[in-house]
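Novice: As they're listed, the protein sequences go chains A and B. Every number in the working numbering is 8 more than the matching position in the first sequence, counting from 1. Every number in the working numbering is 554 more than the matching position in the second sequence, counting from 1.
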Amino acid sequence: MPTPLAIAALLVVSLAVYALGRRRVGRLSEGQSLHSLPGYYGLWIALWTGAPAALVLLLLMAGGPRLESALLTANPPAVVAAMPSETAQAFWSDAKALADGQSTTRIAWSPDERKVLKEKAAEAAALESRIQLGGQAAALVLVLAGFLLAWPRLAPQLRARNRVEGWIGVLLALCSAAAVLTTIGIIASLLYESLRFFHSVPPLDFLFGLDWQPQIAMREDQVAAKGAFGAVPLFVGTFLVMIIAMCVAAPVGLFCAIYLSEYAGPRTRSVIKPMLEILAGVPTVVYGFFAALTVGPALRGFFNYIGSWLVQGPFDPLGQYLMAVQNEMALTAGVVMGIMLIPYISSLSDDIINAVPQSLRDGSYAMGATRSETVKRVILPAALPGVMGAMLLAVSRAIGETMIVTMASGAQARITANPLDSVSTVTFQMVQLLTGDQEFDSPKTLAAFGLGLTLFLVTLTLNVIALQVVQRYRQAYD
Amino acid sequence: MVMSDPSSEAPLSGPHSMPHDTQVRATPVAAGASSQPDIKIHCAGVDAFYGEKQALFDISLDIPDRAVMAFIGPSGCGKSTFLRCINRMNDTIPGARVTGRIEIDGQDVNGKDVDPVVLRSRVGMVFQKPNPFPKSIFENVAYGPRIHGLATSKSELADMVEVALKRAGLWDEVADRLQQPGNGLSGGQQQRLVIARAIAVQPRVILMDEPCSALDPIATARIEELIDDLRRQYCIVIVTHSMAQAARVSQRTAFFHLGRLVEHGMTEEIFTNPREPRTQDYITGRYG
Numbered sequence: 009m010p011t012p013l014a015i016a017a018l019l020v021v022s023l024a025v026y027a028l029g030r031r032r033v034g035r036l037s038e039g040q041s042l043h044s045l046p047g048y049y050g051l052w053i054a055l056w057t058g059a060p061a062a063l064v065l066l067l068l069m070a071g072g073p074r075l076e077s078a079l080l081t082a083n084p085p086a087v088v089a090a091m092p093s094e095t096a097q098a099f100w101s102d103a104k105a106l107a108d109g110q111s112t113t114r115i116a117w118s119p120d121e122r123k124v125l126k127e128k129a130a131e132a133a134a135l136e137s138r139i140q141l142g143g144q145a146a147a148l149v150l151v152l153a154g155f156l157l158a159w160p161r162l163a164p165q166l167r168a169r170n171r172v173e174g175w176i177g178v179l180l181a182l183c184s185a186a187a188v189l190t191t192i193g194i195i196a197s198l199l200y201e202s203l204r205f206f207h208s209v210p211p212l213d214f215l216f217g218l219d220w221q222p223q224i225a226m227r228e229d230q231v232a233a234k235g236a237f238g239a240v241p242l243f244v245g246t247f248l249v250m251i252i253a254m255c256v257a258a259p260v261g262l263f264c265a266i267y268l269s270e271y272a273g274p275r276t277r278s279v280i281k282p283m284l285e286i287l288a289g290v291p292t293v294v295y296g297f298f299a300a301l302t303v304g305p306a307l308r309g310f311f312n313y314i315g316s317w318l319v320q321g322p323f324d325p326l327g328q329y330l331m332a333v334q335n336e337m338a339l340t341a342g343v344v345m346g347i348m349l350i351p352y353i354s355s356l357s358d359d360i361i362n363a364v365p366q367s368l369r370d371g372s373y374a375m376g377a378t379r380s381e382t383v384k385r386v387i388l389p390a391a392l393p394g395v396m397g398a399m400l401l402a403v404s405r406a407i408g409e410t411m412i413v414t415m416a417s418g419a420q421a422r423i424t425a426n427p428l429d430s431v432s433t434v435t436f437q438m439v440q441l442l443t444g445d446q447e448f449d450s451p452k453t454l455a456a457f458g459l460g461l462t463l464f465l466v467t468l469t470l471n472v473i474a475l476q477v478v479q480r481y482r483q484a485y486d
Numbered sequence: 555m556v557m558s559d560p561s562s563e564a565p566l567s568g569p570h571s572m573p574h575d576t577q578v579r580a581t582p583v584a585a586g587a588s589s590q591p592d593i594k595i596h597c598a599g600v601d602a603f604y605g606e607k608q609a610l611f612d613i614s615l616d617i618p619d620r621a622v623m624a625f626i627g628p629s630g631c632g633k634s635t636f637l638r639c640i641n642r643m644n645d646t647i648p649g650a651r652v653t654g655r656i657e658i659d660g661q662d663v664n665g666k667d668v669d670p671v672v673l674r675s676r677v678g679m680v681f682q683k684p685n686p687f688p689k690s691i692f693e694n695v696a697y698g699p700r701i702h703g704l705a706t707s708k709s710e711l712a713d714m715v716e717v718a719l720k721r722a723g724l725w726d727e728v729a730d731r732l733q734q735p736g737n738g739l740s741g742g743q744q745q746r747l748v749i750a751r752a753i754a755v756q757p758r759v760i761l762m763d764e765p766c767s768a769l770d771p772i773a774t775a776r777i778e779e780l781i782d783d784l785r786r787q788y789c790i791v792i793v794t795h796s797m798a799q800a801a802r803v804s805q806r807t808a809f810f811h812l813g814r815l816v817e818h819g820m821t822e823e824i825f826t827n828p829r830e831p832r833t834q835d836y837i838t839g840r841y842g
């Protein structure tokens, strides 16, 4: 029986046990009162019956194939052991594909190999069914054991309600553990791969090197392979785009928040707030489109136009330069990223400004201050720490943003402060390094993990600081 | 502030005063104690609404200058709402609406050409909870003079701050730490700081909305002393829940109940010999 089917069967059995337990306790209770509602008894016995078996089946589904391939490849036959590792990999995957009746790679195996392949395929099929059978048998034993152990204890004075509560606690704890463990796993893999990378490229060269040309390392005859992983141009590019984005998003977002919380009437607010939320929900790839197809050409047109006025005048070189501006540049990516961040900043700042006590506003208005004076002199100073926290959160989003820069920032990793240059960011390079067919042991691909780790550490630090600031600020007025 | 058109004042004595015999009778009592030109605030037929709900019904009341008038009454009786009508603080509450006539020195505060910002610089207000701005003590007091451009030089501003703090009885306690944050002061000091902030713009009227309800008895006594001092220069209106406080600090008292002005007159008279049974019941603690 395939495992998903087994899980479905288990569900049906558990439901039946639920009904059974419910009815049984209803019969037992005649003449005396139940501790809990009948449903709780049914749930209690159904959990004892189904939950452990379900855990086993889920483990089987997750770990079964892995166990199978481990057993299969444990003792490789001589033909396979002689192969280079990539070929051996292809061999094993062909064996499994053959066993599952799927299409194989188009490698022409020699007759000898073909014979071994057939053998191994048969072995794989046998292993698979044995693992499945074993797992399902274990599940069945657990179902029976759980049911038989729990059934005699089903009595009206059983505190089924409290017991079920315990089960729910376990379930919730498992879910949160899964989230935490996944995060730890991600960090661990990031660390592990980065360590491998830093094995071949010294961390100092990576962090402070001025030259980023990861492709060079592909060619083994290249002497300069070592110097090609200087990430400073990427850091500079990321920083430039982030600064441009914040120049757009910080004032507009903050002013938007001020308008919403201090000026707008309830009706205006009820229109603008949802619209901002929609803007916040737009996928970043759409912003990327917008950058590449609308903002980029518009900006280029603008600069080319100015350039056409300047050429052949006293500013001829500048004019020539502006005439040559392209769609893809730091400015395009930064402006669109700024637009993306506006709703983020405004909704965070709106919360923070609203947390400024009304008594301060009253105090200021009662002194004869106008709204803008109140905002400028009382509300913003009071909200400043929180607003700074919101800005830091936005910065951390800006440097982690990928899609917009991929589509609109150009690609050249260079150290520049000119927003009209094409730049390359950390995230963009990670996409570049990891897309396509890649081998995962060359410094080129591992560099992506080095970049990822750096990015992760920076955004983590920013987020921690920002959340601290925001939280401390909130507490100050509670 | 712009003077209101004198001709528009004519209908005031008309329809509004008719159904309020007690008030018409009460006014001469109040006027008898102090002569007519001393009336600072004149209110006639004031109604206030929060959305659909009417919070004040036809309030007519004269408030004299250089004296303290106390508003008393049970919670939710409209005394704070009425106080906020005087400097149009209700403008800042969405859905709030005030009709009727409120004049300060003969100028209608609800007049079309009255700028509430200017009005509020003439009418200081002190709130229930001390609300110093998150700034230094100096900057708190300098707030009003700064936004209204009252001082032409730094030294003049410093003088204004000093005078206001002295008048509020806080100078001796804070003279050596003017640059420290206002929130660092004790509750009573904060409330005096806020009073200093209000008088720094040289208002004509000071409104106080339960200024001592968040303070301990000693701080309360200091504020009450201060109110008694300030009375010589300002028209003060104080909302209070404490009848003892009303008796201690005020010369005149107005009793509100369910959004209506039940009775007003000299404080001694209200407390010793109230005309209305409801006032009697409230003062003797039968409800409230």
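No residue lacks a Cβ here, since even glycine has one placed at the ideal position from N, Cα and C. Fair warning: this is a prediction, and the values are worked out from it, not measured in the lab.
(1) Is P618 (chain B) closer than 8 Å to D601 (chain B) when the C-beta atoms are compared?
(2) For G660 (chain B) and H596 (chain B), I'd like the C-alpha separation in whole angstroms.
(3) Can you pull out the residues from the region 370 to 392 of chain A whose beta carbon lies closer than 8 Å to at least one beta carbon of chain B?
(4) So who's on the other strand from Y49 (chain A), going by DSSP bridges?
(5) Assess contact between the region 429 to 439 of chain A and the region 458 to 466 of chain A, defined as three or more Cβ pairs (one per stretch) separated by less than 8 Å. Is contact present?
(6) What does the alpha-carbon distance come out to for the pair G217 (chain A) and T424 (chain A)?
(7) Closest Cβ-Cβ distance between I701 (chain B) and chain A: below 8 Å?
(8) Are the CB atoms of I353 (chain A) and A258 (chain A) within a distance shorter than 8 Å?
(9) Mapping DSSP to helix, strand and coil, what is E336 (chain A)?
(10) Per DSSP, what kind of secondary structure is Q661 (chain B) in: helix, strand or coil?
(11) What does the alpha-carbon distance come out to for the pair G741 (chain B) and L468 (chain A)?
(12) Kindly list, in the order they appear in chain B, the residues whose Cβ is closer than 7 Å to that of P282 (chain A).
(13) By the three-class DSSP mapping on this structure, what secondary structure does I753 (chain B) have?
(14) What are the start and end residues of the alpha helix (DSSP H) that includes Y295 (chain A)?
(15) Any beta carbon from chain A within less than 8 Å of N664 (chain B)'s own beta carbon?
(16) Check whether the Cβ of R32 (chain A) sits closer than 7 Å to any heavy atom of the ligand HEM, and report yes or no.
(17) Express the C-alpha separation of P765 (chain B) and S372 (chain A) in angstroms, rounding to a whole number.
(18) Taking only runs that begin and end inside the region 610 to 654 of chain B, name each unbroken beta strand (DSSP E) of 3 or more residues, in chain order.
(19) Does DSSP put T414 (chain A) in a helix, a strand or coil?
(20) Drop a sphere of 10 angstroms on the beta-carbon of L68 (chain A), count the other beta-carbons inside from all chains shown, and report buried for 16 or more, exposed for fewer.
(21) Determine the direct distance from the alpha carbon of S202 (chain A) to that of F681 (chain B), and round the result to whole angstroms.
(22) Can you find a CB in chain B that lies within less than 8 Å of the CB of G47 (chain A)?
(23) Going by DSSP, what residues sit across from M331 (chain A) in a beta bridge?
(24) In chain order, which continuous runs of the alpha helix (DSSP H) of length 4 or greater are located wholly inside the region 792 to 816 of chain B?
(25) Using a Cβ cut-off of 7 Å, which residues of the region 338 to 371 of chain A contact any Cβ in chain B, in chain order?
(26) Are there 16 or more other CB atoms within 10 angstroms of the CB of G289 (chain A), so buried, or fewer, so exposed?
(27) Is Q608 (chain B) helix, strand or coil by DSSP?
(28) Please report the Cβ distance between T95 (chain A) and D102 (chain A), rounded to the nearest whole angstrom; I am assuming they are in contact, meaning their Cβ atoms lie under 8 Å.
(29) Please classify A253 (chain A): is it buried, with 16 or more other beta-carbons within 10 angstroms of its beta-carbon, or exposed?
(30) Considering only C-alpha positions, which residue in the set B:I792, B:V748 and B:L780 is nearest to K683 (chain B)?
(31) Under 8 Å: do the region 161 to 171 of chain A and the region 37 to 54 of chain A share three or more Cβ pairs, one atom per stretch?
(32) Starting from the Cα of L148 (chain A), find the closest Cα among A:A78, A:P60 and A:A306 and give me that residue.
(33) Using a Cβ cut-off of 9 Å, pull out every chain B residue sitting near G273 (chain A), in sequence order please.
(34) So, helix, strand or coil for H702 (chain B), using DSSP?
(35) Could you give the first and the last residue of the continuous alpha helix (DSSP H) run that contains I407 (chain A)?
Specialist: Let me lay it out:
(1) Contact check for D601 (chain B) against P618 (chain B) fails: the beta carbons are separated by 8 Å or more.
(2) Each residue's Cα considered, the two are about 8 Å apart.
(3) Contact annotation: in the region 370 to 392 of chain A, residues whose CB is within less than 8 Å of a CB in chain B are D370, G371, S372, Y373, A374, M375, G376, A377, T378, E381, R385, V386, P389 and A390.
(4) Note: Y49 (chain A) sits in no beta bridge, so no partner.
(5) yes
(6) 15 Å
(7) yes
(8) yes
(9) coil
(10) Secondary structure at Q661 (chain B): strand, using DSSP grouped into helix, strand and coil.
(11) If you take the alpha carbons of G741 (chain B) and L468 (chain A), they lie about 40 Å apart.
(12) The contacting residues do not exist; P282 (chain A) stays about 19 Å from chain B at best.
(13) helix
(14) For Y295 (chain A), the uninterrupted alpha helix (DSSP H) run begins and ends at T292 to F298, by DSSP.
(15) no
(16) Looking at this structure, you won't find the ligand HEM or any other ligand, since it has none at all.
(17) 17 Å
(18) 622 to 626
(19) helix
(20) buried
(21) 60 Å
(22) no
(23) The partner list for M331 (chain A) (beta bridge, DSSP) is empty, contrary to what the question assumes.
(24) 797 to 803
(25) S367, L368, D370 and G371
(26) Exposed: under 16 other Cβ atoms inside 10 Å.
(27) strand
(28) Not really, about 10 Å apart at Cβ, beyond 8 Å.
(29) Answer is buried; the Cβ neighbour count reaches 16.
(30) Answer by Cα proximity: B:V748.
(31) Output reads yes: the region 37 to 54 of chain A touches the region 161 to 171 of chain A.
(32) A:P60
(33) P648
(34) helix
(35) L388 to G408
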